[in-house]
Structures are given as structure tokens and as C-alpha cells.
Amino acid sequence: MIKTYSEIKRLLVESLLEAFPQAEGDEIEAMSTHWMQSQSQTIPFLTPSMRDHCIAILKPPQPTKFHLKTVRESHEPYQVQLPIDWEDIPFPPVSNPRFTFIDLFAGIGGFRIAMQEQGGKCVFSSEWDPYAKKTYEANFAEVPYGDIRKIDENSIPDHDILCAGFPCQPFSLAGVSARNSLNTAHGFACETQGTLFFDIARIMSVKKPKIAFLENVKNLVRHDDGKTFAVIKNTIESLGYSFSYKLIDSSPLVPQKRVRCYMVCIRNDHTGFQFPIIDGPPLTLRTILENRVDDSFTISSRLWEGHQRRTKRNLARGTGFTAFCANLDKPSNTIVARYGKDGKECLIPQTRKNPRLLTPRECARLQGFPEIFRITTAKTAAYRQFGNSVAVPVIRRLAKNIVKVLLDRK
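For the sequence shown, the tail end lands on 530 under the numbering used here, and the numbers increase by one without skipping.
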């Protein structure tokens with residue numbers, strides 16, 4: 121009998137928790153959902169006995185007379201026999217994949233949407249934020265693993281492409297400014313985020329994917345007088361990869377001025393990749409706005425008056441942020457993770473009202489997420505997720521060229 125994703129996940133999680141109380145409890149959901157999508161793959165923390173247990177729980181009844189000499193299902197792909205109904209999942213796993221990839225620092229899945237559109241199958245995902253993980257699961261029927269620092273690189277499945285929009289706050293202009301004001305470290309000296317690049321290198325050194333596809337803020341290139349970027353480039357090249365990068369503005373593809381650093385690293389110094397040309401007139405903010413928006417998105421008079429005071433003061437002294445109503449016939453400013461705090465990056469003018477924040481759905485459109493993408497969390501978490509995400513149409517354009525290089529090599 122065919123069951124939905126949610127039904128099978130609940131059955132597996134409850135059964136595994138009962139049968140293996142000593143297992144990594146925080147990762148049981150990740151193990152279960154990864155196994156549902158890739159039964160024949162190596163899966164972190166999933167032991168052979170746990171795998172056999174999963175198969176026994178879900179194996180359909182079979183006439184024993186004709187199956188006495190069959191190979192144990194744990195030793196061969198079981199996907200075709202697993203009766204999962206993916207119909208309710210916006211972005212279900214690819215049934216006939218052209219290549220495989222992993223999704224590190226996955227956020228809410230901007231990389232995954234683009235790579236699946238190119239025929240890729242995701243065989244491993246990792247994301248530490250619990251709210252982002254909920255959004256990711258709602259759209260892809262997979263719970264990402266948590267802290268990548270706790271994952272043994274040898275347990276990660278083999279893959280063709282490694283995708284990673286690694287944490288950008290330690291390198292962003294806002295992140296550096298905030299850390300300087302607080303007298304805290306930034307860049308690689310930031311233990312909690314900055315050093316996570318080396319987890320990418322750790323995985324690449326063992327799994328040797330054919331291509332690594334990375335994204336970060338534009339300030340990464342000049343951070344610490346270019347020393348940070350030099351370390352990244354030299355590390356990648358020392359592993360046997362070519363290293364190319366480009367700063368790309370997303371505004372010809374989405375109505376947002378979002379310049380990011382995209383890095384493509386190809387094993388064995390293969391030089392066939394070329395960055396696509398992304399140019400043309402910028403899209404306008406007006407094109408993604410909703411017709412009617414609830415008054416809960418209108419900012420208070422106190423907040424608006426405070427914005428105006430600080431803007432006037434900062435203009436006079438030539439430093440600090442400014443907050444103006446957006447020009448709807450131009451792209452928005454870059455939406456950041458803190459956008460939900462006061463909306464100063466993009467305030468929408470309203471007739472006879474204070475300006476308002478963008479809605480989460482409008483933020484999704486600014487990043488180029490399809491309309492079927494599910495927003496499952498409250499406003500504050502949703503703003504943070506879209507502010508931290510990638511511009512999907514840019515990833516899509518680069519992914520097309522990357523996959524062409526990959527498949528031409530096969």
C-alpha cells in the first residue's frame with residue numbers, strides 16, 4: 121500500500137528511536153529521510169543493522185516460495201520497491217538522475233532547486249538552523265543533517281558536485297562592521313562560522329567530487345586585504361582543483377541588487393567551464409509586489425520616525441545607514457538576514473500610511489523562488505531564511521554551464 125512521505129517518516133523515526141535508543145537522537149529524522157530518498161547510499165550514523173531494520177519495517181509482503189534465493193535488499197537499491205507517494209512534495213527527488221550532488225550549508229534549498237532542475241539527485245544535505253531545516257523538509261521531503269563539523273567525511277555519500285553557500289556573516293561588510301564594534305573576531309578567526317570553509321575542504325579532500333560550486337558575499341574577495349580569499353583559492357588548488365570566480369549582480373534576473381561571489385572549482389584543472397554572461401536592464405521591484413497586504417506589515421510611527429532621524433543624522437556625518445522608501449521602478453537593495461528587525465533595506469511606500477515591510481512571499485520572489493515554494497515558519501524566521509539564501513535564477517544559470525562541463529567529461 122502506497123503511503124505518503126509523512127506517514128513513512130513517522131513510522132521509521134518512531135521505530136528507530138524504540139529499537140536503537142543509543143543512536144544519535146538528533147539525527148534520526150535526517151537518517152530516516154535520507155534513507156527514504158537514497159536507500160543504496162552510505163548515510164551518516166545509519167548502521168547496517170539500522171538499515172536492515174528500516175527495510176524490514178517497510179518491506180511489502182512477498183511470497184517466500186519465489187524469494188528464497190534473492191539477494192538481501194540491504195545490499196542492493198530498494199528505491200523502486202519503496203512505496204512512497206511524493207505527490208504532495210513541491211520538489212520531489214529526481215527519478216532518473218543525470219548526476220549526484222550534496223547540499224552543504226543548505227539553508228532552505230536554493231542550490232537544490234536549481235540542481236534538481238538540471239537532473240541532479242541530492243544524496244546528502246546539511247544545515248544547522250532548526251527553522252531552515254523545517255522549511256527545507258517541507259519542500260524536499262528531507263531533513264538535513266545538523267552541524268557539519270560532527271559529520272565524518274568518509275560517511276558522506278560519493279557525489280559528482282559539491283554545492284555550498286558557506287556562512288557569509290564573518291566576511292560580509294555588515295558582519296565585519298558589527299564584529300569590529302563588538303571587538304570580536306571576523307573572517308577565519310570567527311570560530312563558529314568563518315572556519316566552516318575548511319569543512320568543505322575536508323570533505324573535498326576525501327570524497328574528491330568532480331566539481332565544487334561555492335557562493336559567498338562579494339566582500340569575501342577583499343576581506344583582510346585579500347588574504348582570506350587567497351587562503352581559500354590556495355586551499356582549493358592544493359586539493360587538485362582549478363579555481364575560478366566571478367562577482368555577479370542578480371538584478372537582471374530578480375528585482376534585487378544582490379552582488380555575490382560565485383566560485384567554480386573543477387578537479388584536475390579542467391578548463392571547460394565558462395561563467396554565463398548575466399546582463400541586461402535590472403528588473404523592477406513593482407513586478408513582485410502583492411496587490412493587497414495586511415496592515416501587520418506596516419511599520420509603526422515610532423519606528424518610521426526613528427528611521428528618519430537616524431537617516432538625517434547619518435547623512436550629515438557621512439556614515440551609517442540610511443532608510444528611504446524604495447523606488448518601485450528600480451530593484452530593491454540587498455535583502456539581508458536581519459531584514460525583519462526594522463525593514464530599513466527595503467521599505468514599500470503606501471498611500472496615507474507609513475511604509476511597510478515586504479511580505480515573506482515577496483522576499484521569496486526577490487530571491488527567485490518558485491511560487492510553489494512553501495514558507496512554513498513565522499515572519500521573523502522567514503525573513504532570516506530568505507536574507508541568507510541565494511538568488512535561485514543566478515544559481516540556475518551557473519548550474520546549467522556546470523552540468524554541461526560535468527556531462528561532457530563522462
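For each residue, glycine too, the CB sits at the ideal point set by N, CA and C. The structure presented is a predicted model; accordingly, all values stated were derived computationally and were not measured.
Suppose you measure from the CA of residue i to the CA of residue j; what does that come to, to the nearest Å?
| i | j | result |
| --- | --- | --- |
| residue 281 | residue 496 | 28 Å |
| residue 351 | residue 419 | 43 Å |
| residue 318 | residue 268 | 11 Å |
| residue 398 | residue 159 | 39 Å |
| residue 512 | residue 360 | 28 Å |
| residue 224 | residue 271 | 11 Å |
| residue 358 | residue 321 | 10 Å |
| residue 458 | residue 498 | 14 Å |
| residue 97 | residue 474 | Only positions 121 to 530 of the chain appear in the structure, and residue 97 is not among them; the question remains open. |
| residue 367 | residue 382 | 6 Å |
| residue 171 | residue 150 | 13 Å |
| residue 139 | residue 161 | 22 Å |
| residue 226 | residue 285 | 7 Å |
| residue 311 | residue 365 | Confidence in residue 311 is poor, its pLDDT being 42 and thus under 50, which makes the residue's placement unreliable; the coordinate value appears in the next sentence. The alpha-carbon atoms of residue 311 and residue 365 are separated by roughly 25 Å. |
| residue 517 | residue 426 | 41 Å |
| residue 404 | residue 337 | 22 Å |
| residue 489 | residue 482 | 10 Å |
| residue 477 | residue 432 | 21 Å |
Which of helix, strand or coil does DSSP assign to residue i?
| i | result |
| --- | --- |
| residue 133 | helix |
| residue 469 | strand |
| residue 333 | strand |
| residue 222 | strand |
| residue 284 | strand |
| residue 179 | coil |
| residue 367 | strand |
| residue 531 | Shown here, the chain extends from 121 to 530; a query on residue 531 therefore has no answer. |
| residue 412 | coil |
| residue 244 | strand |
| residue 419 | coil |
| residue 354 | helix |
| residue 387 | strand |
| residue 123 | strand |
| residue 513 | helix |
| residue 328 | coil |
Under 8 Å, do residue i and residue j count as touching if we go by C-beta distance?
| i | j | result |
| --- | --- | --- |
| residue 486 | residue 515 | no |
| residue 451 | residue 376 | yes |
| residue 330 | residue 422 | no |
| residue 406 | residue 340 | no |
| residue 219 | residue 260 | no |
| residue 523 | residue 238 | yes |
| residue 248 | residue 229 | no |
What are the partner residues of residue i, as DSSP defines its beta bridges?
| i | result |
| --- | --- |
| residue 376 | 452 |
| residue 276 | Paired residue(s): none; residue 276 is not in a bridge. |
Does the beta carbon of residue i fall short of 7 Å from some heavy atom of the ligand MG?
| i | result |
| --- | --- |
| residue 395 | In terms of ligand content, the structure shown is empty, and the ligand MG therefore cannot be addressed. |
For this session: Kindly confirm or deny that the stretch 229 to 246 and the stretch 129 to 136 touch, where touching means at least three C-beta pairs closer than 8 Å.
Result: Fewer than three pairs of CB atoms, one per stretch, sit closer than 8 Å, so the stretch 229 to 246 makes no contact with the stretch 129 to 136.
Problem set entry | Stretch pair the stretch 498 to 507 + the stretch 432 to 439: three plus CB contacts closer than 8 Å | With the cut-off at 8 Å, the stretch 498 to 507 and the stretch 432 to 439 do not touch.
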